[in-house]
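Reading through the structure tokens given below for one structure.
In UniProt numbering, the protein residues as written are 1 to 364.
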């Protein structure tokens, strides 16, 4: 006998699209009323499961974590309403989590690829420039269609942020990833790194704190989105304070990047650059904070519906995942009120439904 859940509240199939009458039948959504009575009725505003477009399940401060810690990380994300994660690099192999029906869906990127001794120890596959192309090919084959390059980090010899790899080699690496059928995203703090990545044909920019006006037409022309990770950028003042005595130029640079974080996101969004929500959870940032990132995007200048869309409908479309449509997997999140009108409700989903299974039920 079919397992049926009825959603009795308003259903948001897009930022401005609302309808009523939705059911989950054996884990699949339908707008057609089933002949049998529902096993459970859930009331509330129904949205597609949220997307964390920059997340690191299986990653801790020193690198890979044990399976139980990874499970707890993914559980925290799920309970916050995140039902789809674009992994942005993890030292753990999380394919086992992909096989669990109670865990968020994960699109894996393999490990970060960084320059030797130019990143947080234990997190990345660290290579010298001559080995970057092969490392990218390896991670492209290991992941689910994405590769993550650390585009810049502190260069201690220069005392400031500097590119991790020569621009020409980055271009070869991006071409290699595309040959393997993978898209490439890059950690970019500094201004010049964004130029190098756009020259290379990058597919996404993470953080984008160095975004300048001349980058915006290029992002638009090349169709490159940004994932600002604003709750992570909030750590920059502490980073600058710790570095100030030894690396004053770097500290001042990080402070300037932090000061203009909201302005740069707003400029990009207003120009039409696609902006997606990502928490950068893992290592330093705790999991389960997608609601905070949505609110931070709103503070940066995105209208409430657009900030929500950055973690919802358009984010799913970008990643090739279904939203709320006939026959789609029943991956939805419910809120007590319309989040477009009361955005703060994203901090407290009243229940999630993942593959038709209810978590934190408010049903009857």
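By construction, the Cβ of each residue, glycine as well, lies at the ideal position given by its N, Cα and C atoms.
Legend entry - C-beta contact flag for residue 257 and residue 275 at 8 Å: Using a Cβ distance threshold of 8 Å, residue 257 and residue 275 do not count as a contacting pair.
Inset, instruction - Check whether the stretch 62-79 touches the stretch 279-291, taking contact to mean three or more Cβ pairs, one atom from each stretch, closer than 8 Å. - result: Yes, the stretch 62-79 is in contact with the stretch 279-291.
Legend entry - Assigned exposure category for residue 45 - 16 Cβ within 10 Å defines buried: Per the 10 Å Cβ criterion, buried.
Inset, instruction - Hey, could you find the ends of the alpha helix (DSSP H) residue 373 is sitting in? - result: Beyond the ends of the chain as shown, which are 1 and 364, falls residue 373; an answer cannot be given.
Inset, instruction - Please name the residue in 338, 61, 198, 94 whose C-alpha comes closest to that of residue 43. - result: For residue 43, the closest of 338, 61, 198, 94 by C-alpha to C-alpha distance is 338.
Legend entry - Cα-Cα separation, residue 26 to residue 350: Here the alpha carbons of residue 350 and residue 26 stand approximately 21 Å from one another.
Inset, instruction - Please list, in chain order, all residues of the same chain as residue 317 whose beta carbon is under 8 Å from its beta carbon, the five residues on each side excluded. - result: Residues of the same chain with a CB within less than 8 Å of the CB of residue 317, apart from the 5 flanking positions on each side, are 323 in chain order.
Legend entry - Delimiting residues of the alpha helix (DSSP H) encompassing residue 269: It spans 261-271 - the alpha helix (DSSP H) in which residue 269 sits, taken as one unbroken run.
Inset, instruction - Using a threshold of 8 Å, state whether the C-beta atoms of residue 209 and residue 146 are closer than that. - result: Residue 146 sits away from residue 209, with the two beta carbons spaced by 8 Å or more.
Legend entry - residue 236, DSSP secondary structure in three states: Assigned with DSSP and collapsed to three states, residue 236 falls in helix.
Inset, instruction - List the residues that DSSP assigns as beta-bridge partners of residue 115. - result: The partner list for residue 115 (beta bridge, DSSP) reads 127.
Inset, instruction - List the endpoints of the continuous alpha helix (DSSP H) containing residue 176. - result: Residue 176: member of the alpha helix (DSSP H) spanning 167-179, first to last residue.
Inset, instruction - Kindly indicate which three-state DSSP category residue 3 falls into: helix, strand or coil? - result: Reduced to three states, the DSSP call for residue 3 is coil.
Inset, instruction - Report yes or no: do three or more beta-carbon pairs, one from the stretch 11-22 and one from the stretch 237-253, lie closer than 8 Å? - result: No: the two stretches stay apart, fewer than three of their Cβ pairs being nearer than 8 Å.
Legend entry - residue 270 to residue 126 span [Cα, whole Å]: Straight-line measurement puts the Cα of residue 126 at about 37 Å from the Cα of residue 270.
Legend entry - Among 264, 177, 237, 215, the one whose alpha carbon lies nearest that of residue 250: Among 264, 177, 237, 215, the Cα nearest to that of residue 250 belongs to 237.
Inset, instruction - Go through its chain and collect everything with a Cβ distance to residue 362's Cβ below 6 Å, but skip five positions before and after it. - result: Interpretation of residue 362 is limited by its pLDDT of 44, a score under 50 that renders its predicted location unreliable; the figure taken from the coordinates is listed afterwards. These residues qualify, in order along the chain: 350, 351.
Legend entry - Spatial distance of residue 262 from residue 233 (CA atoms): When rounded, the distance between both Cα atoms is 10 Å.
Inset, instruction - In angstroms with no decimal places, state the Cα-to-Cα distance between residue 183 and residue 348. - result: Taking the straight line joining both Cα atoms gives about 33 Å.
Inset, instruction - Within its chain, find whatever has a CB closer than 7 Å to the CB of residue 106; leave out the 5 residues flanking it on each side and keep chain order. - result: So the list reads 57, 85, 87, 94, 97, 98, once near-sequence residues are dropped.
Inset, instruction - Classify residue 214 as buried or exposed, calling it buried when 16 or more other Cβ atoms lie within 10 Å of its own Cβ. - result: Burial call: exposed.
Inset, instruction - From the DSSP output, in three-state form, read off residue 18 for me. - result: Residue 18: strand per DSSP, three-state reduction.
Legend entry - C-alpha gap between residue 216 and residue 223, whole angstroms: Near 10 Å, if we compare the C-alpha coordinates of residue 223 and residue 216.
Inset, instruction - Compute the beta-carbon to beta-carbon distance between residue 295 and residue 344, rounded to the nearest angstrom, for a pair I have assumed lies under 8 Å. - result: In this structure, residue 295 and residue 344 form a Cβ contact; the two beta carbons are roughly 7 Å apart against a cut-off of 8 Å.
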